[in-house]
Amino acid sequence: MNTCKKRGSEKLLEAWNKRLVTEESMREIAEAFDESNANVESANVGIQMVVSYTGDDTPRCGNDIAFWLRWHMKHGGVVVPPKIIINGIPWPDLVKMELSFGHQAIDHQIDERLANTQFSAD
Amino acid sequence: MAYKTPLGIAPVLQVHPLNRCNIACSHCYTSSGPDKGGELSIELLRDCLEDAATLGYRQLAVSGGEPLLYKSLIELLSCARALGMITTVTTNGMLLTPHRWEGLSELIDVIAISIDGVPEEHDTIRRHPGAFARTLANLKVVRSSGVSFGFIFTLTQYNVNSLEFVVQLAAEQGAKSVQVHPLTLVGRAINTLPDACPDAVELSAALYEASSLGAKLGVIVHVDALIVDQLLKFRDYFIPRHPVINLVDVAPILIIQADSSVVPLTHEINRSLHLGLLTNARLSLLAQDWLNAGMGKRLVDVYERTWSELIKMHSGTALTWYDEVSLQTQ
């Protein structure tokens, strides 16, 4: 057990703040995808990106996945596996990826979910 | 019969057939360890299970000590299955070898394996270097058998930040759920972790993390805690009605301790509310005597008093219901 007498919730908050998508970490993402051949289809306030690669550019997706992993190793956070769609086997014509960075938005009201938690298995 | 209990589960008979364990964890509420001898006989527990099933208990939860060290575990689980009960086993996972698992797997509905944080935290609380690695290595034995398994995480004042690691590990390893159990100051924890019980802030953080991580990673994360608003909204779930006719209505959790004591709700409940020893009388008799002595009514009064006190707290305050009920009995 952690011998540090800091509350768990304090440590949680510190970790949370470290992982917020900051201007600096956003810049890292922007620079990486500037260099990439990927076609950026959408980007939600620095949290989720949908990118695609066609033809000879498809091998580049591996470099971008490596960057995505490095970004998480540096900034931490829950790693949500990317969604990857590959069209064309064995030689892909199109690769489409959805990559998540940093914190994910919570899509439900927490109170509502908590209110149902205890009784859901009855 | 559909039961509505504050746990949202079928009434559970929690059996601790022994206090012997391969390790001696710092937070162990039964103070179990390698030096603890003795165990309950299978004959005594078989009678107990039959009575418990008749009384309305639908789930057998075997813990310990380390239940995998109980030599009659297969007979105990077989008996519960024959009575139509759900069977669960809680283990530290270190002894889950293919040899031990063989014969058990088909008798267990869910196995709960203790994981208390990142490896070094886990090993420290377990007071056994290498405990985490050994448990993790054994997960494949359970996984390959196809039996559902989950993790149990003991929440302290200092470790809610590690819940993320445990839920992520659960997702990676194929565990269906993570149960977050707040530390209670009973057993060995009284001396080793006197200031580590999570307060309302840590419980709230755990509830929030559970909701967030569960949704994100597709694992069921359940915290053995609730918020005061739930007490208000679901009063009938928490307070049984008078008159008390069935034991199961006031004690949806019934604990059989390794010395054969029959204890309602929690280990730390006042001894005057214990039903007695199985070595003295069968469970059916103990239950009848207990109800005849008006203990059921007394326990409902405690529930009502606890509820009335707790609803004065601020909206959103997190708490552990049965611990609060037990506190009211002191």
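Chains H and B are the protein sequences, given in the same order.
Count along the first sequence from 1, add 57, and you get the number used in our numbering.
Count along the second sequence from 1, add 197, and you get the number used in our numbering.
Idealized CB from N, CA, C, for every residue including glycine.
In whole angstroms, what separates the C-alpha of residue i from that of residue j?
i, j, result
"Arg398 of chain B", "Asp426 of chain B", "Correcting the residue identity first, residue 398 of chain B is Val in this sequence and not Arg. Between Val398 of chain B and Asp426 of chain B, the C-alpha separation is close to 16 Å."
"Ala89 of chain H", "Ile141 of chain H", "18 Å"
"Arg340 of chain B", "Gly371 of chain B", "7 Å"
"Asn289 of chain B", "Ile310 of chain B", "6 Å"
"Val416 of chain B", "Asn489 of chain B", "44 Å"
"Leu333 of chain B", "Gly493 of chain B", "43 Å"
"Val447 of chain B", "Thr381 of chain B", "21 Å"
"Pro47 of chain H", "Glu369 of chain B", "Given that chain H is displayed from residue 58 to residue 179, the structure contains no residue 47 of chain H and the question cannot be resolved."
"Leu215 of chain B", "Trp125 of chain H", "49 Å"
"Lys233 of chain B", "Leu462 of chain B", "24 Å"
"His378 of chain B", "Glu92 of chain H", "48 Å"
"Ala478 of chain B", "Ala367 of chain B", "42 Å"
"Ile163 of chain H", "Pro449 of chain B", "With a pLDDT of 41 at Ile163 of chain H, under the threshold of 50, the modelled position of this residue cannot be trusted; read the value that follows with caution. Rounded to the nearest angstrom, the two C-alpha atoms are 34 Å apart."
"Pro437 of chain B", "Trp504 of chain B", "12 Å"
"Leu156 of chain H", "Gly119 of chain H", "12 Å"
"Phe350 of chain B", "Gln376 of chain B", "6 Å"
"Lys268 of chain B", "Arg432 of chain B", "42 Å"
"Ser512 of chain B", "Ala422 of chain B", "14 Å"
"Ile122 of chain H", "Leu410 of chain B", "23 Å"
"Leu496 of chain B", "Ser469 of chain B", "11 Å"
"Ser260 of chain B", "Ser99 of chain H", "51 Å"
"Ser109 of chain H", "Phe158 of chain H", "17 Å"
"Ser82 of chain H", "Thr285 of chain B", "46 Å"
"Pro208 of chain B", "Leu252 of chain B", "10 Å"
"Glu80 of chain H", "Ile86 of chain H", "10 Å"
"Gly281 of chain B", "Asn443 of chain B", "20 Å"
"Leu483 of chain B", "Leu70 of chain H", "50 Å"
"Ser238 of chain B", "Met154 of chain H", "59 Å"
"Glu299 of chain B", "Ile322 of chain B", "29 Å"
Enumerate in chain order the residues of its own chain whose CB-to-CB distance from residue i is below 7 Å, with the five nearest sequence positions on each side excluded.
i, result
"Cys245 of chain B", "Ile453, Leu475, Leu480"
"Val357 of chain B", "Glu399, Ala402, Ala403, Glu406"
"Gly145 of chain H", "Leu151"
"His129 of chain H", "Val136"
"Val315 of chain B", "Ser359, Phe362"
"Gly230 of chain B", "Cys218, Ala221"
"Asn460 of chain B", "Looking at the sequence itself, residue 460 of chain B is Val, so the reference to Asn does not match. Cβ neighbours of Val460 of chain B beyond the five flanking positions: Ile452, Gln454, Ile466, His471."
"Gln175 of chain H", "Bear in mind that a pLDDT of 35 at Gln175 of chain H, under 50, signals an unreliable position, so the model cannot answer this."
"Met510 of chain B", "Val425"
Under 7 Å Cβ-Cβ, which residues of chain B neighbour residue i?
i, result
"Lys68 of chain H", "Asn358"
"Ala72 of chain H", "Asn358"
What residues match up with residue i in a beta bridge as DSSP calls it?
i, result
"Pro379 of chain B", "B:Leu352"
"Met154 of chain H", "H:Val108, H:Ile141"
"Gln427 of chain B", "Paired residue(s): none; Gln427 of chain B is not in a bridge."
"Leu257 of chain B", "B:Leu210, B:Thr284"
"His419 of chain B", "B:Gln376"
"Gly230 of chain B", "B:Arg217"
"Val97 of chain H", "H:Val108"
"Ile86 of chain H", "Ile86 of chain H is not bridged to any residue."
"Ser458 of chain B", "B:Leu474"
"Glu236 of chain B", "B:Leu215"
"Phe124 of chain H", "For Phe124 of chain H, which the question treats as bridged, DSSP gives no partner whatsoever."
"Ala397 of chain B", "The partner list for Ala397 of chain B (beta bridge, DSSP) is empty, contrary to what the question assumes."
"Gly347 of chain B", "B:Ala309, B:Ser374"
"Ala515 of chain B", "B:Ile424"
"Leu451 of chain B", "B:Leu210, B:Pro461"
Take residue i and list the residues in its own chain whose beta-carbon comes closer than 6 Å to its own, dropping the five residues that flank it on each side.
i, result
"Val383 of chain B", "Tyr226, His464, Glu465"
"Leu276 of chain B", "Note on residue identity: the sequence assigns Cys, not Leu, to residue 276 of chain B. Here the set comprises Arg243, Leu246."
"Leu273 of chain B", "Leu242"
"Ser177 of chain H", "Reliability of the predicted coordinates at Ser177 of chain H is poor, the pLDDT of 29 falling under 50, and the value obtained from them is presented with this limitation in mind. Excluding sequence neighbours, Ser177 of chain H sits near nothing in its chain."
"Asn94 of chain H", "Asp114, Arg117"
"Asn195 of chain B", "For chain B, the structure presents residues 198 to 527; residue 195 of chain B sits outside this window and is missing."
"Leu265 of chain B", "Thr288, Leu292, Arg297"
"Gly112 of chain H", "none"
Spatial neighbours of residue i within its chain, please: CB distance less than 8 Å, with the 5 preceding and 5 following residues excluded, ordered by chain position.
i, result
"Ile508 of chain B", "Val425, Leu428, Leu429"
"Pro395 of chain B", "Leu352, Thr353, Gln354, Val357, Pro379, Leu380, Ala403"
"Ala199 of chain B", "Note on Ala199 of chain B: pLDDT 43, under 50, position unreliable in the model; the coordinate value appears next. Correct list: empty, nothing qualifies."
"Phe348 of chain B", "Ala309, Ile310, Ser311, Ile312, Val363, Leu366, Ala367, Ala372, Ser374, Val375, Gln376"
"Gly473 of chain B", "Ser458, Val459, Leu483, Asp486, Trp487"
What residues from chain B crowd round residue i, counting only those whose CB sits closer than 8 Å?
i, result
"Lys63 of chain H", "Tyr355"
- Message: Please list, in chain order, the residues of the region 349-371 of chain B that have any C-beta partner in chain H closer than 7 Å.
- Response: Thr353, Gln354, Tyr355, Asn356, Val357, Asn358, Glu361, Gln365
- Taking Cβ-Cβ distances below 9 Å as the criterion, which residues of the region 391-407 of chain B are in contact with chain H? Asp392, Ala393, Pro395, Asp396, Val398, Glu399, Ser401, Ala402, Ala403, Leu404, Tyr405, Glu406, Ala407
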